[in-house]
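Mapping to the numbering used here: the sequence shown position 134 is 134, numbers consecutive. Even for Gly, the Cβ is constructed at its ideal location relative to N, Cα and C. Heads up: the structure comes next, in structure tokens.
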Amino acid sequence: MKKKLLKTLTPELHLVQYNEIPVLHLKHAIGSAKIALQGAQLLSWQPKGAAQDVLWLSEIEPFQIGTAIRGGIPICYPWFGGVKQPSHGTARIRLWQLSHYDISAEKVRLEFELFSELNIIEAKLVMIFSTECRITFTHYGDEPAQVALHSYFHVGDISQVEVANLPKTCFNSLNQKQENVPSPRRITENVDCIYTADKSQNQIIDSAFNRTVELHHHNASQIVLWNPWHKATSAMSGKGYLSMLCLETARIHHLLEFGESLSVEIRVNG
1 MKKKLLKTLT PELHLVQYNE IPVLHLKHAI GSAKIALQGA QLLSWQPKGA AQDVLWLSEI
61 EPFQIGTAIR GGIPICYPWF GGVKQPSHGT ARIRLWQLSH YDISAEKVRL EFELFSELNI
121 IEAKLVMIFS TECRITFTHY GDEPAQVALH SYFHVGDISQ VEVANLPKTC FNSLNQKQEN
181 VPSPRRITEN VDCIYTADKS QNQIIDSAFN RTVELHHHNA SQIVLWNPWH KATSAMSGKG
241 YLSMLCLETA RIHHLLEFGE SLSVEIRVNG
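Have a look at this one:
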């Protein structure tokens, strides 16, 4: 992959070209992060003291403009899934603008905005990095919209992971049926399940990395759990599923209204 420094914004914040896509690099005392301007997509977050990246990014990602990036936290908006094309909406394949940044000793705040062809704001995304990471999406479109923070988490070994505090029923998108499922849940096959967000906090307990990733969902109506297992998936190697797990903060059936926000806080213990 070709990388080229485009601009130094501050000593801690740089803009770097990855093949065809500009990516912000944050290197700070509180940790490091990488954010693609295409999709305002957080690709990497490694808080201070963390031995591993919290997020998973495909090792074969080509970084081509107009093609969705496989990994990190894509923003699925203004629709979720394949109800229209492109799948999961247009926000993740469009360039966003870095509209504001504020860097202090203990916290970094980055703001991104998405504009229409008429230069009218459609959406805003705020990322705050401290000892935790908080991502807040706000909808400014003309019509109510779906959104999902499609978070890919980096795990040591999918066979040694369990997801705690999920409900015991979900909608299985693979067979289009409502099902009873165990909680905590382990992943042993292709999983694509939509849960109600009755429980606003979940934990990804990762025995291989000896850590727990805690998620706190704010104003979500659904939580999506996904791992493709052996199913061939674009921009993902045949064994990529072994080191990733998606746990998504979403508003799928209960649409976001104008000015309404959805957010997730992510913390790491261990």
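Distance between beta carbons of residue j and residue i, contact taken as under 8 Å
{"i": "tryptophan 229", "j": "asparagine 190", "result": "4 Å"}
{"i": "tryptophan 56", "j": "serine 243", "result": "6 Å"}
{"i": "isoleucine 103", "j": "threonine 10", "result": "6 Å"}
{"i": "glutamine 64", "j": "glutamate 20", "result": "5 Å"}
As assigned by DSSP and simplified to three states, the class of residue i
{"i": "tyrosine 241", "result": "helix"}
{"i": "arginine 92", "result": "helix"}
{"i": "serine 32", "result": "strand"}
{"i": "isoleucine 158", "result": "helix"}
{"i": "tryptophan 229", "result": "coil"}
{"i": "glutamine 176", "result": "coil"}
{"i": "arginine 70", "result": "coil"}
{"i": "threonine 212", "result": "strand"}
{"i": "serine 99", "result": "strand"}
{"i": "phenylalanine 80", "result": "coil"}
{"i": "proline 22", "result": "strand"}
{"i": "serine 263", "result": "strand"}
{"i": "phenylalanine 63", "result": "coil"}
{"i": "phenylalanine 258", "result": "coil"}
{"i": "isoleucine 120", "result": "coil"}
{"i": "histidine 217", "result": "strand"}
{"i": "histidine 150", "result": "coil"}
{"i": "proline 273", "result": "Because residue 273 is not part of the residues shown, which for the chain are 1 to 270, the question remains open."}
{"i": "methionine 127", "result": "strand"}
{"i": "glutamine 85", "result": "coil"}
{"i": "threonine 196", "result": "strand"}
Sequence-distant residues of the same chain with beta carbon closer than 6 Å to residue i, five excluded per side
{"i": "glutamate 162", "result": "Pro184, Arg186, Ile205"}
{"i": "glycine 89", "result": "Cys76, Tyr77, Pro78, Trp79"}
{"i": "glutamine 222", "result": "Ile194, Ala197, Ala250, Ile252"}
{"i": "histidine 254", "result": "Ser221"}
Beta-carbon spacing of residue i, residue j below 8 Å
{"i": "isoleucine 325", "j": "leucine 95", "result": "Lying outside 1 to 270, the shown extent of the chain, residue 325 is not represented and no answer is given."}
{"i": "tryptophan 79", "j": "glutamine 146", "result": "yes"}
{"i": "isoleucine 135", "j": "leucine 149", "result": "yes"}
{"i": "arginine 92", "j": "alanine 68", "result": "yes"}
{"i": "leucine 245", "j": "isoleucine 158", "result": "yes"}
{"i": "lysine 34", "j": "valine 23", "result": "yes"}
{"i": "asparagine 202", "j": "leucine 262", "result": "no"}
Own chain, CB closer than 8 Å to residue i, minus 5 neighbours either side, in chain order
{"i": "serine 32", "result": "His25, Leu26, Ser44, Trp45, Gln46"}
{"i": "glutamine 178", "result": "Thr169, Cys170, Phe171, Asn172"}
{"i": "isoleucine 30", "result": "Pro47, Lys48, Glu106, Lys107, Val108, Phe129, Ser130, Thr131"}
Residues of its chain near residue i, where Cβ-Cβ distance is below 7 Å and the 5 sequence neighbours each way are ignored
{"i": "glutamine 52", "result": "His154, Phe209"}
Touching or not, the stretch 227-241 and the stretch 194-213, by the rule of three or more beta carbon pairs under 8 Å? no
Inspect the CB distances between the stretch 98-110 and the stretch 7-25 and report whether three or more fall short of 8 Å. yes
Is it the case that the stretch 251-270 contacts the stretch 138-145, given that we only count it when at least three CB pairs across the two stretches are under 8 Å? yes
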